[in-house]
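Numbering (our numbering), first residue to last: 18 to 315. Backbone N, C-alpha and C fix where the C-beta goes; we use that ideal spot for every residue, glycine too.
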């Protein structure tokens, strides 16, 4: 009879999906033969995975897809809900964002920490209709809706002029938003681009040049919208010629947006159907500022 000693069985190790750093992730990936996420390299737009063969692979998103919450991450969720404070908030976005729930509250407040800006509509706002990420303030002028849409890194603002009668309203020639800023200086350049910089000169928020288009879409019928900052006011001057043109097809959409700088440098690229996608572009060097350029600082 032959007696042999059996080797003690090793405890089974459950596979892990993530590890706190690259060293731990590589060790786990080699051990289990599958990729392991490197948690300390996760950002709003990036996930990094250690591979069993010793390489690192990254998954990149063109826009923020997750938001830091405490020690972890949650998916971006721009669905709007009303709070008891008189505002409407998205559930999870990169920066703090709130829209008015109606009345005298600022139309939008946007920012993070000690750097914020807000815009107020010149009149009392109606209670908005909420639909996912969109808050619609009906009839802010006769025949004109104001549509605010939460985005992962900012917001989109649309004035929707629904018919030719509404387009004749003199109030559309110059629309004055009350502007308040904290921790940033807001200014506009000759192209209508709006920038908010902090005390160190760092660009924090940016709004691309505003445009407007009719029902045929921006590639077929569009015009620039002049936007200027003067003291504590943001002035929008839609193209009156387009509003009064008998060939214009309604509704007409007037489009100013605002985004965080580190996610805002996207060019709007429209396809033939009029829907939009985004393309990352590098910003040009800012031109010298005119001493008369409008700005507001708080």
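Would you grab the beta carbon distance between residue 107 and residue 96 for me? Rounded to a whole angstrom, and I think it's under 8 Å. 7 Å
Counting only the same chain and skipping the five closest in sequence on each side, list residues whose C-beta sits under 6 Å from that of residue 45. 33, 36 and 53
Using three-state DSSP, classify residue 108 as helix, strand or coil. strand
Residues bridged to residue 132 (per DSSP): 129
Helix, strand or coil, according to DSSP, for residue 102 in the structure here? coil
Taking the alpha carbon of residue 216 as the point to measure from, which residue in 229, 202, 159 and 174 has its own alpha carbon closest? 202
Go through its chain and collect everything with a Cβ distance to residue 120's Cβ below 6 Å, but skip five positions before and after it. 141
Rounded to the nearest angstrom, how far is the Cβ of residue 93 from that of residue 84, given a contact under 8 Å? 6 Å
Whole beta strand (DSSP E) runs in the region 133 to 190 with 3 or more residues, listed along the chain? 146 to 148, 151 to 158, 161 to 168 and 171 to 178
Residues near residue 292 by beta carbon distance below 7 Å, same chain, minus five either side: At residue 292, the pLDDT of 36 sits below 50, so the modelled position is not reliable and the matter cannot be decided from this model.
Could you tell me if residue 77 is buried or exposed, where buried requires 16 or more neighbouring beta carbons within 10 angstroms of its beta carbon? exposed
Inter-stretch contact (C-beta, 8 Å, three-pair minimum) for the region 149 to 161 and the region 171 to 181: yes
With a threshold of 6 Å on Cβ separation, who are the neighbours of residue 186 within its own chain once the five nearest residues in sequence on each side are excluded? 158
What is the DSSP secondary structure of residue 260, counted as helix, strand or coil? helix
At the level of alpha carbons, what is the spacing between residue 200 and residue 275? 16 Å
Quickly, what does DSSP pair residue 241 with across the bridge? List them, please. 228
Once DSSP output is grouped into helix, strand and coil, what is the label at residue 75? strand
Does the separation of the CB atoms of residue 122 and residue 99 fall below 8 Å? no
Taking just the CA atoms, how far does residue 270 sit from residue 256? 11 Å
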